Structure formats: structure tokens, C-alpha cells
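Okay, so here's the structure we're looking at.
Chains as they are written, first to last, in my numbering: chain Y, 2 to 113; chain L, 14 to 129.
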């Protein structure tokens with residue numbers, strides 16, 4: 002059974018800092034790993050999707066990496082801004098689960 | 014392109030009452046998903062439809078939850094009777110293809126249910 006863990010549960014940083022969010026998964030036989038952003042009262046917005054054959058994906062100030070062998074993914078946010086404040090969720094699609102398995106998220110607060 | 018629509022956005026009911034949620038997926042999307050997100054947790058898949066057929070409902074508490082997708086478009090999720098532990102955000106998502114890992118899911122804003 003796939004289990005996805007995100008640490009820390011909450012993170013507070015001053016504006017302008019670079020930061021890393023962590024995601025780990027127990028079943029390394031994944032098809033892909035996806036990072037989402039969730040704002041209060043809103044649904045999930047997909048940020049980056051990394052296929053199992055890829056090592057990383059980049060979009061603007063965001064960079065996500067994937068290490069299947071160690072069961073880890075990281076989301077790097079450069080030069081953080083108050084508008085980046087949100088909950089960030091990672092989700093893995095594995096053959097065993099045949100569905101997206103989500104972590105509990107990291108609640109990020111960027112202080113002006 | 015319009016996104017996934019859900020209604021109502023908020024609902025407060027008392028335990029043992031019934032409630033229904035509605036979802037309208039992105040036009041042309043074959044697959045529709047209902048997720049339950051309890052506060053502080055990630056979304057958990059309740060049921061997946063492919064057109065108007067059920068693909069996976071293994072995590073749907075069938076004694077109280079039901080869902081349908083008539084004509085392969087809109088979907089409703091019903092809870093009857095509701096329990097306190099059903100308090101959560103119910104998210105609907107849709108994907109263009111026939112589910113699976115290669116079809117990106119697009120999420121609606123969710124319905125926040127509070128059971129008193």
C-alpha cells in the first residue's frame with residue numbers, strides 16, 4: 002500500500018528566502034509524482050508533474066526533483082513571496098494503488 | 014475553458030440528515046473523480062467514473078454514501094445519513110482521458126461540509 006508523507010506540516014519563512022518542501026513515498030514503483038497548491042477555500046492547482054523516467058521539472062521559480070530509488074521528491078521555491086503562501090501537496094500515482102495517493106501537505110507562510 | 018464546477022460551496026447539516034453535492038466536469042472529460050479531504054489530511058479518492066460507469070469505488074462507504082453520473086456528464090454525491098466524521102471538503106476532479114497515470118486531473122473548488 003502506497004503511503005505519502007510530507008514534512009514539515011507547517012513552515013514559516015521571511016520573504017525572499019529559498020525553501021525546500023519534502024515528500025516521501027513508500028512504494029517506489031510510481032508512474033509519476035505531482036505537486037499541487039491549495040489555497041484556503043479553493044481546489045487544487047497542479048504545479049508540476051514529474052514522470053517516473055524524469056529526475057526534475059521546472060516552472061518559473063519552482064523546481065521539483067524525483068529520486069525513485071530513495072522514495073523522495075522535493076519542491077524548491079526560489080525567492081519566496083507572500084503570494085506563495087498556501088498548502089502544498091504532493092501525490093504519487095503508483096501501480097499498486099492505481100490512483101493518486103496524497104500526502105497531508107505542508108502549510109507554507111511567507112512573511113512580508 | 015471553464016473549469017470544474019461544484020455546488021454548493023458550503024453546507025451545514027445536523028447528524029443523521031442527508032446531503033447532496035453536485036459536480037459539472039470540464040466539457041468533454043471522460044473521467045470524473047470524487048475525493049474526500051478531512052481537515053489536515055490529503056484528499057482520499059472515494060469514487061472514479063469513466064463516462065457513466067464506475068471504475069473504482071473501493072473506498073466509498075456504501076452504507077451511507079452513493080454517487081451517480083447520469084449521461085456521463087454531471088455527477089452527484091449523496092450522504093444519507095450523515096455522521097460527524099463526514100465533516101470534510103468534498104472535491105470533484107475530471108480528466109480528459111480514461112483515467113490512469115497519464116491523464117492530468119483538474120480539480121474543482123470543493124464543497125465544505127460541516128456536520129453538527
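Built from N, CA and C at the ideal position, the CB exists for glycine as well. The structure presented is a predicted model; accordingly, all values stated were derived computationally and were not measured.
Would you say residue 43 (chain Y) reaches chain L, if we count a Cβ-Cβ gap shorter than 7 Å as a contact? yes
DSSP three-state assignment for residue 91 (chain L), whether helix, strand or coil: strand
By a C-beta neighbour count over all protein chains shown, 10 Å radius and 16 as the cutoff for buried, is residue 28 (chain L) buried or exposed? exposed
What are the start and end residues of the beta strand (DSSP E) that includes residue 67 (chain Y)? 63-68
Kindly list, in the order they appear in chain Y, the residues whose Cβ is closer than 9 Å to that of residue 130 (chain L). Since the first and last residues shown for chain L are 14 and 129, residue 130 (chain L) lies out of range.
According to DSSP, is residue 69 (chain L) helix, strand or coil? strand
Any C-beta of chain L sitting closer than 7 Å to the C-beta of residue 89 (chain Y)? no
Where DSSP assigns a beta bridge to residue 45 (chain Y), which residues make up the other side? Y:39
Of all the CB atoms in chain Y, is at least one closer than 7 Å to the CB of residue 114 (chain L)? yes
Beta carbon of residue 3 (chain Y), beta carbon of residue 58 (chain L): below 7 Å? no
Residue burial classification, residue 56 (chain Y) (beta-carbon count within 10 angstroms, cutoff 16): exposed
Starting from residue 16 (chain Y), follow the beta strand (DSSP E) in both directions and report where the run begins and ends. Taken as a continuous stretch (DSSP letters only), residue 16 (chain Y) belongs to no beta strand (DSSP E), as it is neither H nor E.
Taking residue 54 (chain L) as the query, report the chain Y residues whose CB atoms sit under 7 Å from its CB, ordered along the chain. 105
Within this structure, are the beta carbons of residue 95 (chain Y) and residue 69 (chain Y) separated by less than 7 Å? no
In the segment 14-57 of chain L, which residue ranges form an unbroken beta strand (DSSP E) of at least 3 residues, counting only runs that do not cross its ends? 18-20, 23-26, 32-37 and 44-50
Cβ of residue 3 (chain Y) within 7 Å of any chain L Cβ: no
According to the neighbour-count rule (16 or more other Cβ atoms, all chains shown, within 10 Å of its Cβ), is residue 46 (chain L) buried or exposed? buried
Given a cut-off of 7 Å on the beta-carbon distance, is the pair residue 49 (chain Y) and residue 58 (chain Y) in contact? yes
Which residues does DSSP list as the beta-bridge partners of residue 112 (chain Y)? Y:15
Examine chain B for any beta-carbon lying closer than 7 Å to the beta-carbon of residue 100 (chain Y), and answer yes or no. Included in the structure are the protein chains Y and L, with no chain B among them.
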